[in-house]
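Colleague: Shown below is the structure under consideration.
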Amino acid sequence: MSVQPIDQFCKELKPEIKEALTKASIGSTVARQQSLDQAYPEPGKALHLRELANAIKSVNLADNLEKAVSSLERNNVKVLFAKDADEARKIILDIIKKKNAKNVVKVKSMTTEEIELNAFLGKHGINAVETDLGELIIQIDHERPSHIVKPAIHRKRDDIAASFQKHGIADYDEEPTHITLNARKYLRKKYFEAEVVISGANYVLAKEGAIVLATNEGNARFSMAGAKTHIAIAGFEKVIPSARELSVFLNLLGRSATGQHTTVYTDFVAGPGKAKNSPEEMYLIFMDNGRSDILASRFAEILKCLRCGACMNRCPVFRLVGGHAYRAVYPGPLGIVLSPLLAGEEFCKYADLPKACSLCGGCAEVCPAKIPLPSLIVQMRDEAKRRHCKIPNDVGFKAWSFIATTPRLWKFGIPFNRLANYLPIDKLRFGTLGRWLKARKLPKFKGGEFRKWFKKNG
Amino acid sequence: MTPPDNRITGKKINFMATCLCDAIFADAAECSVQILKKFGCDIIFPEGQTCCGQPAFNSGDFESARKVIMHTIDAFGGNDYPVVVPSGSCAAMLFDSALIAFKDADKPVFEKVAHFARRVWELNDFLVNALGVEKIGGKLKARIAVHNSCHTKNTGTPEAMKKLLESIDGVELAQYNADGCCGFGGTFSVVFPQLSEEVGIKKVDNILACKPDIITAADTSCLLHQYGIAKRRGLEYPAKHVCQVYVEAMKNGGLL
Numbered sequence: 000m001s002v003q004p005i006d007q008f009c010k011e012l013k014p015e016i017k018e019a020l021t022k023a024s025i026g027s028t029v030a031r032q033q034s035l036d037q038a039y040p041e042p043g044k045a046l047h048l049r050e051l052a053n054a055i056k057s058v059n060l061a062d063n064l065e066k067a068v069s070s071l072e073r074n075n076v077k078v079l080f081a082k083d084a085d086e087a088r089k090i091i092l093d094i095i096k097k098k099n100a101k102n103v104v105k106v107k108s109m110t111t112e113e114i115e116l117n118a119f120l121g122k123h124g125i126n127a128v129e130t131d132l133g134e135l136i137i138q139i140d141h142e143r144p145s146h147i148v149k150p151a152i153h154r155k156r157d158d159i160a161a162s163f164q165k166h167g168i169a170d171y172d173e174e175p176t177h178i179t180l181n182a183r184k185y186l187r188k189k190y191f192e193a194e195v196v197i198s199g200a201n202y203v204l205a206k207e208g209a210i211v212l213a214t215n216e217g218n219a220r221f222s223m224a225g226a227k228t229h230i231a232i233a234g235f236e237k238v239i240p241s242a243r244e245l246s247v248f249l250n251l252l253g254r255s256a257t258g259q260h261t262t263v264y265t266d267f268v269a270g271p272g273k274a275k276n277s278p279e280e281m282y283l284i285f286m287d288n289g290r291s292d293i294l295a296s297r298f299a300e301i302l303k304c305l306r307c308g309a310c311m312n313r314c315p316v317f318r319l320v321g322g323h324a325y326r327a328v329y330p331g332p333l334g335i336v337l338s339p340l341l342a343g344e345e346f347c348k349y350a351d352l353p354k355a356c357s358l359c360g361g362c363a364e365v366c367p368a369k370i371p372l373p374s375l376i377v378q379m380r381d382e383a384k385r386r387h388c389k390i391p392n393d394v395g396f397k398a399w400s401f402i403a404t405t406p407r408l409w410k411f412g413i414p415f416n417r418l419a420n421y422l423p424i425d426k427l428r429f430g431t432l433g434r435w436l437k438a439r440k441l442p443k444f445k446g447g448e449f450r451k452w453f454k455k456n457g
Numbered sequence: 000m001t002p003p004d005n006r007i008t009g010k011k012i013n014f015m016a017t018c019l020c021d022a023i024f025a026d027a028a029e030c031s032v033q034i035l036k037k038f039g040c041d042i043i044f045p046e047g048q049t050c051c052g053q054p055a056f057n058s059g060d061f062e063s064a065r066k067v068i069m070h071t072i073d074a075f076g077g078n079d080y081p082v083v084v085p086s087g088s089c090a091a092m093l094f095d096s097a098l099i100a101f102k103d104a105d106k107p108v109f110e111k112v113a114h115f116a117r118r119v120w121e122l123n124d125f126l127v128n129a130l131g132v133e134k135i136g137g138k139l140k141a142r143i144a145v146h147n148s149c150h151t152k153n154t155g156t157p158e159a160m161k162k163l164l165e166s167i168d169g170v171e172l173a174q175y176n177a178d179g180c181c182g183f184g185g186t187f188s189v190v191f192p193q194l195s196e197e198v199g200i201k202k203v204d205n206i207l208a209c210k211p212d213i214i215t216a217a218d219t220s221c222l223l224h225q226y227g228i229a230k231r232r233g234l235e236y237p238a239k240h241v242c243q244v245y246v247e248a249m250k251n252g253g254l255l
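Protein chains in written order, with numbering that gives the first Met the number 0: chain X, 0 to 457; chain S, 0 to 255.
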């Protein structure tokens with residue numbers, strides 16, 4: 000029998016990893032709530048801020064993008080456009096080659112994960128080192144991030160220490176502060192060696208022509224201090240009108256992600272040469288990679304995402320399986336909408352993802368941009384039907400809808416379910432119902448009893 | 000799930016039993032009718048009613064869902080009175096999700112669905128926010144754990160239910176971390192049996208840890224799942240639809 004891949008993943012995942020995932024996710028959800036309550040004790044204030052974030056992200060993107068390009072160019076930033084992942088990778092490689100560079104430091108960026116940049120650069124003999132601790136941990140073991148904000152959320156400190164030893168970064172030491180110190184020592188050398196820094200952009204300010212980078216480790220600043228060339232890459236939806244609107248997002252991002260009032264470092268990069276020891280040249284690549292199609296579809300709201308991870312922290316499914324279960328770069332409620340759409344022609348390959356949701360609505364409650372995730376998720380299921388995707392273990396509703404629109408059949412049929420009370424169905428262990436009953440008991444069937452009662456007593 | 004504005008009210012109402020009450024939870028539907036009558040409602044039960052269409056909608060089979068929703072609208076088309084439902088999720092299906100299913104429909108069709116949405120109420124929300132009921136009264140000495148079903152988020156139901164339960168003499172509402180789904184999600188539990196079971200076990204353990212005499216909700220579907228999970232693991236799970244609790248309290252107090 001066909002099984003849903005995510006359900007199978009859940010079955011096979013080690014209990015201790017599940018526990019770590021659940022604990023970390025719930026911790027972030029609780030911290031988020033506390034930090035918002037503390038900052039905005041007035042009822043409705045936090046909600047208002049989230050509505051504002053949504054409204055700002057609704058402002059005409061094309062206009063803002065145009066403004067952004069001219070402001071960025073005014074600030075001597077070279078602006079380039081990439082229509083897909085292929086083109087983005089090529090542009091980046093060309094710049095690096097032109098500089099005769101071999102060593103790159105990277106500031107955590109989901110966009111570069113999306114285009115699988117590290118593997119590509121590696122193939123071309125370029126050594127790109129992740130400078131965010133979580134990203135570094137997964138990079139050395141050739142893993143994918145299991146969370147968009149906390150990429151190593153699935154890892155435990157003892158196996159991180161073992162991995163550092165294995166890769167010659169440091170001797171085995173599982174004390175968390177020592178792990179951090181060891182990574183820091185290792186990375187210092189890399190900052191000095193790097194000729195190029197590659198970053199994403201949390202926001203692009205259209206009016207000021209600047210990008211904004213939010214980090215907790217200061218690694219963006221360190222990366223900028225050594226390298227002579229800065230390449231930033233961002234989906235074009237990262238453009239917001241100006242620094243004035245930015246305050247709304249900065250007030251929401253840290254709180255939503257980890258319960259911090261703000262990230263430890265917020266860097267504004269408004270072109271090259273503005274600060275001492277900063278890159279002499281700066282590029283910004285605006286990437287489409289399917290975003291234009293999304294913008295024109297009924298799923299446009301997903302492009303308002305701030306990449307805070309609050310939705311996955313809150314998701315009962317993500318809490319049990321983590322990001323790797325989703326087989327795609329973006330996991331959780333955000334990912335089950337975005338990943339199949341970004342896959343373009345390969346939509347159906349990921350069409351099972353939107354099914355991995357009980358529609359509990361928790362994600363919509365915490366989303367800082369107030370994206371109506373459950374509504375998008377259920378429409379993604381409809382989209383999969385429209386595209387005739389085959390989904391394992393799916394349930395059909397044709398027969399059911401026929402019965403449910405034929406009241407005579409319905410009324411006639413329902414009382415017969417009482418017969419099931421005399422059959423040993425509770426012992427059934429095969430087929431869809433059998434699998435369901437393995438973990439659940441059914442109450443007694445009372446088909447038609449209410450209708451009879453109502454006739455007498457209604 | 001957000002209920003529409005300008006909702007239709009009145010004491011002459013239609014009762015929608017839901018497919019689960021039709022098939023399994025006859026007692027919950029009977030108690031719901033008793034409560035509505037007690038508060039002065041004149042109840043019509045259109046015999047043509049079947050299901051709200053939620054199973055197909057949640058599975059993304061919008062075509063089948065639209066057929067069933069339209070059937071439901073027509074089944075209740077004999078009058079323009081409110082449609083009261085003893086289930087938060089079926090009500091939300093008809094006042095919120097139906098609009099998504101018919102998003103691309105022709106204007107008159109969409110408007111028909113949108114008008115029907117204004118008639119649909121979850122029972123507790125209806126009692127408190129349409130009829131202005133302040134209390135159930137009666138007495139029931141019980142520690143009660145309330146499960147607020149996911150589909151009642153952002154609706155009047157959780158507050159209304161809390162108010163009505165607290166109005167019963169002797170009721171103590173158990174405080175627990177009510178944050179969380181029970182893992183049912185309709186077909187989700189069928190398509191993802193493992194995930195659903197693990198989410199369900201967490202929920203059930205969480206509720207049982209506060210040692211309630213009764214576990215109640217405005218949805219029989221969530222209770223069905225929680226009961227099923229607990230029972231299979233050999234645990235007692237005294238689950239009752241909230242209207243069964245109301246009827247018991249009113250009977251104890253000689254009000255019914």
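All C-beta atoms in this analysis are idealised placements derived from N, C-alpha and C, irrespective of residue type, glycine included.
Measure from the C-beta of Thr-186(S) to each C-beta in chain X and report whether the shortest distance is under 7 Å.
Modeller: Yes - at least one Cβ of chain X is within 7 Å of the one on Thr-186(S).
Colleague: Would the C-beta of Val-112(S) count as close to the ligand PLP, meaning under 6 Å from any of its heavy atoms?
Modeller: Only the bare structure without any ligand can be found here, which leaves the ligand PLP out of the picture.
Colleague: Using beta carbons (cut-off 7 Å, strictly below), is Gln-243(S) in contact with chain X?
Modeller: Output row for Gln-243(S): interface = no.
Colleague: Going along chain S in order, which residues have a C-beta closer than 9 Å to the C-beta of Phe-458(X)?
Modeller: The structure shown does not extend to residue 458(X), since chain X spans only 0 to 457, so no value can be given for it.
Colleague: Sorted by chain position, which residues of the same chain lie with C-beta nearer than 7 Å to Ala-269(X)'s C-beta, five sequence neighbours on each side aside?
Modeller: Contacts found: Asn-74, Glu-207, Gly-208, Ala-209.
Colleague: Would a check of beta-carbon distances place Ala-419(X) closer than 7 Å to chain S?
Modeller: Not one chain S Cβ lies under 7 Å of Ala-419(X).
Colleague: Which term fits Lys-149(X), buried or exposed, when burial requires 16 or more other beta carbons within 10 angstroms of its beta carbon?
Modeller: Burial call: buried.
Colleague: Have a look at Val-119(S), Pro-54(S), Gly-131(S) and flag the residue whose alpha-carbon is nearest the alpha-carbon of Gly-39(S).
Modeller: Out of Val-119(S), Pro-54(S), Gly-131(S), Gly-131(S) has the C-alpha closest to the C-alpha of Gly-39(S).
Colleague: Starting from Ser-198(X), trace the beta strand (DSSP E) in both directions and tell me its first and last residue.
Modeller: Ser-198(X) -> beta strand (DSSP E) spans 195 to 198.
Colleague: Residues of the region 432 to 444 of chain X in Cβ contact with chain S at a cutoff of 7 Å, in chain order, please.
Modeller: Under the 7 Å Cβ criterion, the region 432 to 444 of chain X contributes Arg-434, Trp-435, Ala-438, Arg-439, Lys-440, Leu-441, Pro-442, Phe-444.
Colleague: Between the region 156 to 172 of chain S and the region 112 to 128 of chain S, are three or more C-beta pairs nearer than 8 Å?
Modeller: With the cut-off at 8 Å, the region 156 to 172 of chain S and the region 112 to 128 of chain S touch.
Colleague: Which chain S residues sit within Cβ distance under 9 Å of Cys-362(X)?
Modeller: Here the premise fails: no neighbours, minimum Cβ distance about 11 Å.
Colleague: If we ignore side chains and look at the alpha-carbon of each, how far apart do Val-84(S) and Glu-345(X) end up?
Modeller: Taking the straight line from one Cα to the other gives about 42 Å.
Colleague: Verify the CB distance criterion: does Ala-368(X) have a CB-CB separation below 7 Å to chain B?
Modeller: Judged by its chain identifiers, the structure shown contains no chain B, and its protein chains are X and S.
Colleague: Identify whether His-146(X) lies in helix, strand or coil by the three-state DSSP scheme.
Modeller: Three-state result, His-146(X): coil.
Colleague: Measure the alpha-carbon distance for His-146(S) versus Gly-334(X) and round it to whole angstroms.
Modeller: Distance between the alpha carbons of His-146(S) and Gly-334(X): 28 Å.
Colleague: What is the C-beta distance between Asp-425(X) and Pro-391(X), in whole angstroms, given that I count them as a contact (C-beta under 8 Å)?
Modeller: So it is not a contact: roughly 26 Å between Cβ atoms.
Colleague: From Pro-406(X) to Cys-20(S), what does the alpha carbon distance come to, in whole angstroms?
Modeller: Roughly 16 Å separates the two Cα atoms.
Colleague: Please report the Cβ distance between Pro-144(X) and Gly-322(X), rounded to the nearest whole angstrom; I am assuming they are in contact, meaning their Cβ atoms lie under 8 Å.
Modeller: Right, their Cβ atoms sit about 6 Å apart.
Colleague: State the start and end residues of the unbroken alpha helix (DSSP H) segment that holds Thr-17(S).
Modeller: No alpha helix (DSSP H) contains Thr-17(S), which DSSP labels as neither H nor E.
Colleague: With 16 as the cutoff for other CB atoms within 10 Å, does His-260(X) come out buried or exposed?
Modeller: The residue in question, His-260(X), is exposed, as its Cβ has fewer than 16 Cβ neighbours within 10 Å.
Colleague: Report yes if the CB atom of Leu-249(X) is closer than 7 Å to the CB atom of Glu-197(S), and no otherwise.
Modeller: No; because the gap between Cβ atoms is not below 7 Å, this pair is not in contact.
Colleague: With a cut-off of 7 Å, does the C-beta of Gln-3(X) fall near any C-beta of chain S?
Modeller: Closer than 7 Å to some Cβ of chain S, the Cβ of Gln-3(X) qualifies, so yes.
Colleague: Can we say the region 214 to 228 of chain S touches the region 170 to 188 of chain S, given the rule of at least three CB pairs closer than 8 Å?
Modeller: At 8 Å Cβ cutoff, the stretches touch.
Colleague: Which bits of chain X does His-224(S) rub up against, with CB to CB less than 9 Å?
Modeller: Within chain X, the residues near His-224(S) are Arg-439.
Colleague: Comparing the C-beta of Asn-392(X) with each C-beta of chain S, is any distance below 7 Å?
Modeller: So, interface residue.
Colleague: Check distances from the C-beta atoms of the region 9 to 24 of chain S to those of chain X and list, in chain order, the residues that come in under 9 Å.
Modeller: Within the region 9 to 24 of chain S, the residues whose Cβ lies closer than 9 Å to some Cβ of chain X are Phe-14, Ala-16, Cys-18, Cys-20, Asp-21, Ala-22, Ile-23, Phe-24, listed in chain order.
Colleague: For Ile-402(X) and Glu-46(S), I'd like the C-alpha separation in whole angstroms.
Modeller: One C-alpha to the other measures close to 14 Å.
Colleague: Spell out the partners DSSP gives Thr-265(X) in its beta bridges.
Modeller: Bridge partners of Thr-265(X): Ala-213(X).
Colleague: Would you check if the region 24 to 43 of chain S and the region 374 to 385 of chain X touch, i.e. whether three or more CB-CB distances between them fall below 8 Å?
Modeller: No contact exists between the region 374 to 385 of chain X and the region 24 to 43 of chain S.
Colleague: Which value, in whole angstroms, describes the spacing of the CA atoms of Leu-302(X) and Ala-84(X)?
Modeller: One C-alpha to the other measures close to 17 Å.
Colleague: Quick one: what's got a C-beta closer than 8 Å to Thr-21(X)'s C-beta in the same chain, skipping five residues either side?
Modeller: Once the five neighbours on either side are set aside, the close Cβ partners of Thr-21(X) are Arg-318, Leu-319.
Colleague: Closest to Ala-52(X) by CA distance: which of Gln-7(X), Lys-77(X), Ser-241(X) is it?
Modeller: Ranking Gln-7(X), Lys-77(X), Ser-241(X) by Cα distance to Ala-52(X) puts Ser-241(X) first.
Colleague: Based on Cα-Cα distance, which residue from Ala-97(S), Val-127(S), Gly-87(S), Asn-128(S) lies nearest to Ala-113(S)?
Modeller: Closest by alpha carbon: Ala-97(S).
Colleague: I need the boundaries of the beta strand (DSSP E) containing Ile-232(X), first residue and last residue.
Modeller: 228 to 234 is the extent of the beta strand (DSSP E) around Ile-232(X).
Colleague: Within 7 Å of any Cβ in chain S, is that where the Cβ of Thr-261(X) sits?
Modeller: Chain S, which has no Cβ nearer than 7 Å to the Cβ of Thr-261(X), makes this no.
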